[in-house]
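Engineer: First residue of the sequence shown? That's 0 in numbering that gives the first Met the number 0, and the numbers climb one at a time after it. Dropping the structure in here first, questions after.
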Amino acid sequence: MKRSVVVAALGTAQTLAWGSSYYVPAILADPIAQGLGLSRTTVFGLFSGALLLSAVLGPSVGRAIDNRGGRGVLALSNLILAAGLVLLGFAQGIHVLAVAWAVLGVGMAMGLYDPAFATLTGLYGRAARGPITGITLIAGFASTVGWPLSAFLDAQFGWRAACLIWAALHIVIGLPLNRLLIPRAPPPIRASVVEGEAPPAPRGAMAILALVFAATWFVTGAMAAHLPRRLEIAGASSTAAIAAAALVGPAQVAARLVEFGALRMVHPLVSARLAAFLHPIGGILAVVGPGAITAFAVLHGAGNGLLTITKGTVPLAIFGPVGYGLRNGILGAPARATQAASPLLFGFLMDYMGIGVLAISAGLSLSPLCALLMLRARPTAAPAPA
0 MKRSVVVAAL GTAQTLAWGS SYYVPAILAD PIAQGLGLSR TTVFGLFSGA
50 LLLSAVLGPS VGRAIDNRGG RGVLALSNLI LAAGLVLLGF AQGIHVLAVA
100 WAVLGVGMAM GLYDPAFATL TGLYGRAARG PITGITLIAG FASTVGWPLS
150 AFLDAQFGWR AACLIWAALH IVIGLPLNRL LIPRAPPPIR ASVVEGEAPP
200 APRGAMAILA LVFAATWFVT GAMAAHLPRR LEIAGASSTA AIAAAALVGP
250 AQVAARLVEF GALRMVHPLV SARLAAFLHP IGGILAVVGP GAITAFAVLH
300 GAGNGLLTIT KGTVPLAIFG PVGYGLRNGI LGAPARATQA ASPLLFGFLM
350 DYMGIGVLAI SAGLSLSPLC ALLMLRARPT AAPAPA
């Protein structure tokens, strides 16, 4: 199977997976809460529980992909995500709603970026940086597609039908892409085969990266769940807020194009430091007033676009491909945990602090920048052609 075909298939499947799970609450939380007679906080609390469950399952999913490859895991994720969305669409109360989000949490653990990155690393080894960037270029449009599509389906058919339509798309589109167009993985790479190919990892690198990803993913999770509302608090109308938030996807893709072109010859740590710096700049601009909401959305999206890539490429560059899935699952566990807490906690902070909440998100972006400066960027080999 040509690498370009694999990247296109996996990128499309990732767009569907993100748009139908992680990005759903930002648009459907309010109608779900109103339809079931629950508070918005309750709905986001269940969503946070789903993210926490995905954090717990991440290392096990990564180990399974290390041992057997990711094709089966990703295909199964489509079935599980579809089942969770069906349950969500038929929920009549909090109990079924909780079960639906638990199922979606399992599906997110098996079907979002970390398993996709581990799948590509199992297929291409150290040459996976290019394919990892490739799938994020495509899936960077997940929010741009997902938010307006969820809003359109809710407006036309109601939130229940929206969930069922998303479920159907997993069966009709996602499952065939993951099952038929992703190659079977070769046997796992042994440590002895690649011993001496790269210098040893810096001392404390795992702890530093765990801290970096935990802080940055808190901000990412908070913005994914609350960005439209956050922009409204800054003074934008509802229509302007959704329009500005929709620019996050293109900004992510633009930043990833820069990574794929200008930054591909430098160490991924350089991209990671840049990613951590962009959100605070946007936060400073957003304080100016409603006229700056577009700049904030674009800078946040660009930083998040680079961050998503570096979550996959920095561990690969520092530690190598052996045991990548398990290691990335371990690194991702605290990130998923903080991400799980972020929608609920950030919602409280917005209610209490208003626009001042940007100081929190800016500080949480600057702290990982300082931590990343503690890691030395060693030269990397030239990337293999796609």
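For glycine and all other residues, C-beta sits at the position ideal for the given N, C-alpha and C. These numbers were taken from a predicted model, which means no experiment stands behind them.
Looking only at its chain, what residues have a beta carbon closer than 8 Å to the beta carbon of A32, apart from the 5 residues adjacent to it on each side?
Structural biologist: S38, R39, T41, V42
Engineer: Near V98, which residues of its chain fall below 7 Å by C-beta distance, leaving aside the five closest residues on each side in sequence?
Structural biologist: L86
Engineer: Below 8 Å on the Cβ atoms is my contact criterion, and I expect I207 with A370 to pass it. Report the Cβ-Cβ distance as a whole number of Å.
Structural biologist: 5 Å
Engineer: Count the other CB atoms, across all protein chains shown, that sit within 10 Å of the CB of V4; report buried if there are 16 or more and exposed otherwise.
Structural biologist: exposed
Engineer: On a CA-only basis, which of P147, A90, P24, F347 is nearest G248? Give me that one, please.
Structural biologist: P147
Engineer: Is the distance from the Cβ of A21 to the Cβ of M107 below 8 Å?
Structural biologist: Per the sequence shown, residue 21 should be read as Tyr rather than Ala. Cβ atoms of Y21 and M107: closer than 8 Å.
Engineer: What's the gap between the Cα of I134 and the Cα of R255?
Structural biologist: 10 Å
Engineer: If you compare alpha carbons, which of L84, R263, G57 is closest to I329?
Structural biologist: The shortest Cα separation from I329 among L84, R263, G57 belongs to G57.
Engineer: Is it the case that the Cβ atoms of L277 and A301 are separated by a distance below 8 Å?
Structural biologist: Contact: yes.
Engineer: Quick check: what's the CA-CA separation for G304 versus A296?
Structural biologist: 12 Å
Engineer: What span of residues does the alpha helix (DSSP H) with Y22 cover, start to end?
Structural biologist: Boundaries cannot be given for Y22, as no alpha helix (DSSP H) includes it and DSSP labels it neither H nor E.
Engineer: How would you call M109, buried or exposed, if buried means at least 16 neighbouring beta carbons within 10 angstroms?
Structural biologist: With 16 or more other Cβ atoms inside 10 Å of its own Cβ, M109 counts as buried.
Engineer: Specify whether the segment 69-83 and the segment 162-180 touch according to this definition: at least 3 beta carbon pairs, one from each stretch, less than 8 Å apart.
Structural biologist: yes
Engineer: If you pair each beta-carbon of the segment 339-355 with each one of the segment 157-165, do three or more pairs fall below 8 Å?
Structural biologist: no
Engineer: Taking the alpha carbon of A82 as the reference point, which residue from M373, L152, H169, V313 has its own alpha carbon closest?
Structural biologist: For A82, the nearest C-alpha among the options comes from H169.
Engineer: Just how far apart, CA to CA, sit L51 and Q338?
Structural biologist: 8 Å
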